[in-house]
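Data first, discussion second: the structure below is written as structure tokens.
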Amino acid sequence: MTTLLVLAKAPIPGFAKTRLTPPLSPNEAATVAAAALLDTLDAVRHTAADHRVLAWTGDLADACRADELSRSLADFALVPQRGRTFGERLANAHADAAAFGTPVLQIGMDTPQLTPEDLTTAADLLTDAADAVLGPAADGGWWALGLATPQPARALITVPMSTPNTGALTREALHTCGLHIHTLPTHRDVDTFSDAVLVAAQSTGRFTTTVSTLRTRHLALR
418 MTTLLVLAKA PIPGFAKTRL TPPLSPNEAA TVAAAALLDT LDAVRHTAAD
468 HRVLAWTGDL ADACRADELS RSLADFALVP QRGRTFGERL ANAHADAAAF
518 GTPVLQIGMD TPQLTPEDLT TAADLLTDAA DAVLGPAADG GWWALGLATP
568 QPARALITVP MSTPNTGALT REALHTCGLH IHTLPTHRDV DTFSDAVLVA
618 AQSTGRFTTT VSTLRTRHLA LR
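Convert by adding 417 to the 1-based position in the sequence shown; the result is the number in this note's numbering.
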């Protein structure tokens with residue numbers, strides 16, 4: 418199969434999911450981040466991936482649901498994120514994960530609605546039919562990047578991230594490397610609380626429970 422790589426921030430108040438504030442408090446936003454990450458790790462764990470890697474930034478000891486996260490990470494190789502910009506951290510994480518010698522499918526912690534079947538389909542396409550796979554996000558970014566070899570990830574260092582054009586510019590950079598790219602289904606990622614409510618309606622698990630509880634709480638305060 419492949420190596421499945423997750424890039425994530427420790428769900429620490431004031432550090433993760435800051436765009437959820439307001440309406441959420443920093444503690445509430447970190448709780449949402451923890452739920453999203455736990456559901457993502459579960460989806461990865463329930464695939465037949467050859468290897469599972471988490472590229473991590475932040476101190477796990479300070480994270481929400483730290484004990485639960487620690488248990489979930491037992492099946493993962495942990496590597497620190499390296500680099501000043503997201504593009505540098507992305508390229509370095511792909512290089513680190515590629516050390517296992519298999520293609521790398523990378524996701525983040527913003528799409529907790531993903532299922533093991535979604536990830537398996539993407540990984541199989543990368544292994545069998547493409548140099549790269551790219552999963553577009555509804556906001557113009559992307560939710561998944563799969564590469565048969567890590568070198569093309571270096572081309573993304575200069576791609577502006579978190580813009581409406583990030584997906585298109587990423588595709589252009591990969592095409593410049595001469596890659597055959599397979600496009601995955603579009604998914605919504607969680608940037609704002611409105612996104613979180615929409616994604617929670619499409620999924621189950623900790624994320625849906627957490628967002629539903631917070632939505633009810635904030636509606637009651639109006």
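We treat Cβ as the ideally placed atom computed from N, Cα and C, and that holds for glycine.
Since we're looking at a predicted model, the values are computed, not measured.
Ranges of the beta strand (DSSP E) found wholly within the region 494-546, counting only runs of at least 3: Runs of the beta strand (DSSP E) inside the region 494-546: 494-497, 521-524.
Coil, strand or helix - Gly558 by DSSP: In the structure shown, Gly558 sits in coil (DSSP, three-state: anything other than H, G, I, E or B).
CB contact flag (Ala514, Leu422, <7 Å): Judged by their CB atoms, Ala514 and Leu422 are nearer to each other than the 7 Å cut-off.
Exposure label - His604; buried when at least 16 CB within 10 Å: It is buried - the Cβ of His604 has at least 16 other Cβ atoms within 10 Å.
Cβ neighbour criterion (16 or more within 10 Å) applied to Glu445: Residue burial is scored here from C-beta neighbours: Glu445 has at least 16 other C-beta atoms within 10 angstroms and is therefore classed as buried.
Unbroken alpha helix (DSSP H) run spanning Thr457, endpoints: Where Thr457 is concerned, the enclosing alpha helix (DSSP H) stretches over 443-462.
The alpha helix (DSSP H) enclosing Arg588, as first and last residue numbers: For Arg588, the uninterrupted alpha helix (DSSP H) run begins and ends at 583-593, by DSSP.
Nearest neighbour of Ala483, chosen from Ala427, Thr580, Ile574, Thr600 [CA to CA]: Checking every option, the nearest Cα to that of Ala483 belongs to Ala427.
Close Cβ partners of Ala388 (< 8 Å) along its chain, the five nearest in sequence each way excluded: Outside the shown range of the chain (418 to 639) lies residue 388, about which nothing can therefore be said.
Cα-Cα separation, Arg469 to Ala433: Distance from the CA of Arg469 to the CA of Ala433, rounded to the nearest whole angstrom, comes to 22 Å.
Residue(s) in a DSSP beta bridge with Arg395: Any answer about residue 395 is impossible in this case: the structure gives the chain only from 418 up to 639.
Own chain residues within Cβ distance below 6 Å of Leu458, not counting five before or after: Correct list, in chain order: Ser489.
DSSP state of Val550 mapped onto helix, strand, coil: DSSP places Val550 in the strand class (E or B) of the three-state scheme.
Buried versus exposed, by CB contacts within 10 Å (16 or more), Asp492: When all chains shown are included, Asp492 counts as exposed.
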